[in-house]
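When we follow my numbering, the leftmost residue of the sequence shown carries the number 2, and every step to the right adds one.
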Amino acid sequence: MDASLPLALEAVSKTFRTKGRKKQVVNALLNVGLGLKKGEVAGLLGPNGAGKTTLIKILCGLVYPDKGRVLAFGRPFEQTRKQALSRMGVLLEGHRHIFWPLTVVENLKYFGMLKNVPGPALREDIDRLVQFMGLEGKRDVPVRFLSQGMRQKLSVAVTLLGNPDVLLLDEPTQGLDVESLRDLKQRIVRLAKEFQKAILLSTHQMEVAQELCDRILILQQGRILADAPTPELMGYFKGQNFMVTVQGLPLFSRGTQPLAALGIEPDLDEHETGGVNGLVRMRVRVKNGEGLFGVLQGLKAEGAEIVKVEELKRSLEEVFMEILGGKKGDG
Ligand SMILES: Nc1ncnc2c1ncn2[C@@H]1O[C@H](COP(=O)(O)OP(=O)(O)OP(=O)(O)O)[C@@H](O)[C@H]1O
Ligand SMILES: [Mg+2]
């Protein structure tokens with residue numbers, strides 16, 4: 002494993018055994034390996050119970066793995082625990098770790114002291130973070146009077162105390178309105194690109210992952226199904242989708258397999274035959290430009306006039322569902 006990586010996991014497994022009458026064994030993580038790079042935002046996706054929170058807790062030493070090891074800044078975590086933790090900022094699910102009776106500044110002071118940030122540096126840190134997170138107007142407001150989005154921003158500010166090199170953020174954008182979401186996404190990108198922090202975040206919001214993350218990891222039932230740069234992941238399941246609108250397509254061609262009826266065999270996903278002014282829209286999936294050309298030629302040969310060809314961009318959600326679906330049942 003590359004020693005320059007701020008954080009890495011090697012073949013980590015974790016099983017939970019619940020006590021009580023109904024004993025259950027849950028393999029929360031199975032043989033998981035990953036490396037987190039400086040200046041990178043990596044996104045952790047996966048259905049509820051996939052193991053995302055467990056993975057984050059293992060990376061910051063809150064949960065011990067049964068097998069495998071955690072490397073922090075190139076050294077085994079247990080050898081460097083205290084030092085490593087002082088260089089990490091961790092946001093766990095929800096807002097349970099900020100104190101509701103305390104104000105914004107009091108929370109930051111409290112957690113700054115816990116992190117051993119020295120007095121003058123802490124005062125500077127607090128001013129900088131309050132401004133960075135856009136909480137200037139709320140400095141002296143107790144957390145219980147803040148909106149959910151503001152609490153989330155304060156929670157992120159707390160993780161940034163002491164200027165850590167690594168940020169582990171479990172669902173940091175949960176419950177934010179459109180504007181706050183955009184705002185926080187921009188700040189997270191700046192933290193990685195401008196300040197060269199290594200960031201791992203989990204999310205259920207596909208658009209957040211797609212826009213924010215340089216790399217995406219997909220977890221399901223404790224296993225990593227995919228770990229790839231976002232553009233590469235988006236290119237999985239090769240083939241391009243187009244929406245082709247034609248006019249004057251003979252009625253006989255509009256059956257269940259209109260293109261097959263034309264003697265063309267594209268990988269047809271779905272088609273829509275519409276009645277508006279005789280316009281027919283069809284969704285066509287082809288392997289490449291050649292394939293599309295063939296489809297259009299065939300349609301023209303049938304007497305159809307090509308009105309419009311639009312490329313349909315594949316969304317991360319579609320890729321995500323295909324990966325989960327494709328691997329389901331593989332064991
Ligand atoms: N302390 C624990 N004791 C027993 N089982 C646990 C414990 N923590 C997690 N689990 C189990 O481990 C599995 C993974 O849980 P985890 O919280 O990591 O999932 P997650 O991917 O974060 O899910 P979500 O999207 O719902 O937050 C689940 O089946 C969960 O019930
Ligand atoms: Mg979770």
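Note that CB positions come from ideal geometry on N, CA and C, so glycine has one too.
Computed from a prediction, not measured in an experiment: that's the story for all the values here.
request  = Alpha carbon to alpha carbon, how far is L103 from P143? Give it in angstroms, no decimals.
outcome  = Approximately 5 Å between the Cα atoms of the pair.
query = Is the closest heavy atom of ligand 2 to the C-beta of K53 under 8 Å?
reply = Taken from the Cβ of K53, at least one heavy atom of ligand 2 lies inside 8 Å.
ask   = Apart from the five residues just before and just after A302, which ones in its own chain have a Cβ nearer than 6 Å to its Cβ?
value = The same chain holds no residue with a CB closer than 6 Å to that of A302 once the five nearest residues on each side in sequence are set aside.
request  = For D171, verify whether its CB is less than 8 Å away from any heavy atom of ligand 2.
outcome  = Answer for D171: yes, Cβ within range of ligand 2.
query = In three-state terms, what does DSSP make of S203?
reply = S203: strand per DSSP, three-state reduction.
request  = Would you be able to state if there are at least three C-beta pairs under 8 Å between the region 162–180 and the region 221–240?
outcome  = No: fewer than three Cβ pairs fall under 8 Å.
query = N164: which of R140, N108, V91, R216 sits nearest, CA to CA?
reply = Comparing alpha carbon positions, the residue from R140, N108, V91, R216 closest to N164 is V91.
request  = Let me know if M114 comes out buried or exposed under the rule of 16 or more other beta-carbons within 10 Å of its beta-carbon.
outcome  = Around the beta carbon of M114, a 10 Å sphere encloses fewer than 16 other beta carbons of the protein chains shown; the residue is thus reported as exposed.
request  = Assign G34 to one of three DSSP states: helix, strand, or coil.
outcome  = Taken through DSSP and simplified to helix, strand or coil, G34 comes out as strand.
ask   = Whole-angstrom Cβ separation of L354 and E137, contact assumed at under 8 Å?
value = The structure shown has nothing for residue 354, since the chain only spans 2 to 332.
query = Where does L170 sit, in a helix, a strand or coil, going by DSSP?
reply = DSSP, reduced to helix, strand and coil, places L170 within a strand of the structure shown.
inquiry  = Rounded to whole angstroms, what is the Cα-Cα separation between D128 and V179?
reply    = The straight-line gap from Cα to Cα measures roughly 25 Å.
ask   = S156: beta carbon under 8 Å from a heavy atom of ligand 2?
value = S156 Cβ: outside cutoff for every heavy atom of ligand 2.
inquiry  = In this structure, how does DSSP classify M283 when only helix, strand and coil are distinguished?
reply    = DSSP places M283 in the strand class (E or B) of the three-state scheme.
task = Kindly provide the ranges of any beta strand (DSSP E) runs that are 3 or more residues long and lie completely inside the region 17–74, ordered along the chain.
result = 25–37, 42–46, 68–73, all fully within the region 17–74.
ask   = Using the C-alpha atoms, what's the distance from M283 back to T274?
value = Bear in mind that a pLDDT of 49 at T274, under 50, signals an unreliable position, so the model cannot answer this.
query = Does DSSP classify G275 as helix, strand or coil?
reply = In this prediction, G275 has a pLDDT of 49, which is less than 50 and means its spatial position is unreliable; nothing more can be read from the coordinates.
ask   = Taking the C-alpha atoms as reference points, what is the distance between D215 and Y65?
value = About 28 Å.
query = Under 9 Å, do V320 and M235 count as touching if we go by C-beta distance?
reply = At the C-beta level, V320 and M235 come within 9 Å of one another.
task = Count the C-beta pairs between the region 32–39 and the region 203–212 that are closer than 8 Å, then say yes if the count reaches three, no if not.
result = No, because fewer than three Cβ pairs between the region 32–39 and the region 203–212 fall closer than 8 Å, the two stretches do not touch.
request  = Report the residue ranges of all beta strand (DSSP E) runs contained in full by the region 183–237; include only those spanning at least 3 residues, in chain order.
outcome  = Taking only runs of at least 3 residues, the beta strand (DSSP E) segments lying wholly in the region 183–237 are 199–203, 216–221, 224–230.
Three-state secondary structure assigned by DSSP to Q132 = Secondary structure of Q132 (DSSP, three-state): helix.
request  = Following the continuous alpha helix (DSSP H) through V157, name the residue where it begins and the one where it ends.
outcome  = Residues 149–160.
query = Exposed or buried, which one is V197 when buried takes at least 16 other CB atoms within 10 Å?
reply = Residue identity differs from the one stated: residue 197 is Gln in this sequence, not Val. Exposed, since its Cβ has fewer than 16 Cβ neighbours within 10 Å.
ask   = Using a threshold of 8 Å, is the CB atom of A199 nearer than that to any non-hydrogen atom of ligand 1?
value = Taken from the Cβ of A199, every heavy atom of ligand 1 lies 8 Å or farther away.
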